[in-house]
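Shown next, in structure tokens, is the structure this report addresses.
Numbering (this note's numbering), first residue to last: 4 to 466.
This is how it looks when you write it as structure tokens:
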């Protein structure tokens, strides 16, 4: 039976879990870490300098004592003598006097023994100026100062307890740590406050961008009066909002175009079903109704396929070929023209093939024909002929024509010359026809010189 092994998270994963989730927290942590490293370096340098400074002060005091004691040492006549002075307390201040290796004087208390005494003897035996520190828990600083004479040399060794100096250094170290902690706390708090205030405009811009994108608002941020970074962010958000607005506009346009194009086959289906339900029908009549409904359904599928394919990325320049005359007859037959109105299809007698798919050709001509039927008085004519650069299809009616004041708005989606003229329509047919024709390498234009009535010209590449 194998023992279960505990699985610990990887260090990187564990660190990622501990990292702050907000930019404010991460920037504050970076600032805190940087300040902590800097404070540690400064604290180490400061306390090292303080320790050297205190040791130097201790050495200066020891040499001052040695110089004072040297005035009581007589080295004349080849021998070393300690003179009696009025102030003999100098000899009570941890002072040793050696003549070569021979000890002449030592502190009267005799408290300094063991390690200190051996260190004093070693310094005196060296016969030169020098200092040393002995002792662990209660350190003592020793300094030797030679006194030269005629034929003989005396050495004065002074001692100083370093405990007060070490205590001062320790107090400074603890004070430095306390000061570092206070500075780091203030640094972290001020950094969070400053970063929070700096990111407040970003938070506001994010909220506004969310609101504006939801309603496709035309409000934009711009870059005036903003720092360079926020100006760049505002420009990026403006571009994103423009793209979102373009996508929403494209979706609304596609929805409108689908509903516009599907209205006619749906009306045929509804009319056929109403007619079939109005009274009992024979088997032949029922079969004819089914054929009409099936044809309308196929037309709806072709409409959806054509518009969706174009919306996904456009139709290639030459996706196929279409017989122009049969396509025009099918479009004319699919429209329910009023009784007095006559729709004619004419061609120049030669076989005409357009370099587009038949369904796309029908979708281009159908809105133009529907528009002509809507406004014509007696006649609508579809004329196709070959021209130098391809195929030209003209849709002509004898209606009132396009008002001159409206010609610039003719191909803009959702625009109508007279919304209250009693005719149905959403102003999407002509823009759709032009867009589909241009996606196939052709165009749709209005012949301003034709009168009376209106003439729209479709140009397409030859197949």
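Backbone N, C-alpha and C define an ideal beta-carbon position, used for all residues, glycine too.
Quick one: what's got a C-beta closer than 6 angstroms to residue i's C-beta in the same chain, skipping five residues either side?
i, result
"residue 152", "78"
"residue 457", "400, 404 and 405"
"residue 321", "In this prediction, residue 321 scores a pLDDT of 42, lower than 50, which makes its location untrustworthy; no coordinate-derived value is stated."
"residue 334", "365, 368, 369 and 372"
"residue 248", "219"
Under the rule that 16 or more other beta-carbon atoms within 10 Å means buried, what is residue i, buried or exposed?
i, result
"residue 31", "buried"
"residue 272", "buried"
"residue 349", "exposed"
"residue 302", "buried"
"residue 306", "buried"
"residue 402", "buried"
"residue 44", "exposed"
"residue 237", "buried"
"residue 435", "buried"
"residue 68", "buried"
Below 8 angstroms CB to CB, which residues in the same chain sit around residue i once its five sequence neighbours on both sides are set aside?
i, result
"residue 42", "183, 186 and 187"
"residue 433", "370, 371, 374, 413, 414, 447 and 459"
"residue 119", "137, 138, 143, 145 and 162"
"residue 35", "187, 190, 191 and 194"
"residue 62", "134, 144 and 146"
"residue 117", "none"
Contact defined as beta carbons within less than 8 angstroms: I believe residue i pairs with residue j. What is the distance between those atoms, to the nearest angstrom?
i, j, result
"residue 150", "residue 165", "The pair is not a contact, with the Cβ atoms about 25 angstroms apart (cut-off 8 angstroms)."
"residue 172", "residue 65", "Residue 172 to residue 65, Cβ: 18 angstroms. No contact."
Pick helix, strand or coil for residue i, following the three-state DSSP scheme.
i, result
"residue 448", "strand"
"residue 459", "strand"
"residue 390", "strand"
"residue 372", "helix"
"residue 385", "strand"
"residue 349", "strand"
"residue 106", "strand"
"residue 398", "strand"
"residue 197", "helix"
"residue 222", "coil"
"residue 81", "helix"
"residue 404", "coil"
"residue 359", "coil"
"residue 133", "strand"
Quick one: what's got a C-beta closer than 7 angstroms to residue i's C-beta in the same chain, skipping five residues either side?
i, result
"residue 39", "187"
"residue 318", "Bear in mind that the predicted position of residue 318 carries a pLDDT of just 44, short of 50, making it unreliable; the figure below should be weighed with that in mind. Answer for residue 318: 312, 363, 442 and 443, listed in chain order."
"residue 203", "none"
"residue 353", "389"
Considering residue i, what are the terminal residues of the alpha helix (DSSP H) in which it resides?
i, result
"residue 48", "26-73"
"residue 432", "432-442"
"residue 332", "327-337"
Tell me where the beta strand (DSSP E) around residue i begins and ends.
i, result
"residue 149", "143-151"
"residue 124", "First-last for residue 124: 118-129, but that is the alpha helix (DSSP H), not the beta strand (DSSP E)."
"residue 157", "156-164"
"residue 379", "Premise fails: residue 379 is in no beta strand (DSSP E) and is neither H nor E."
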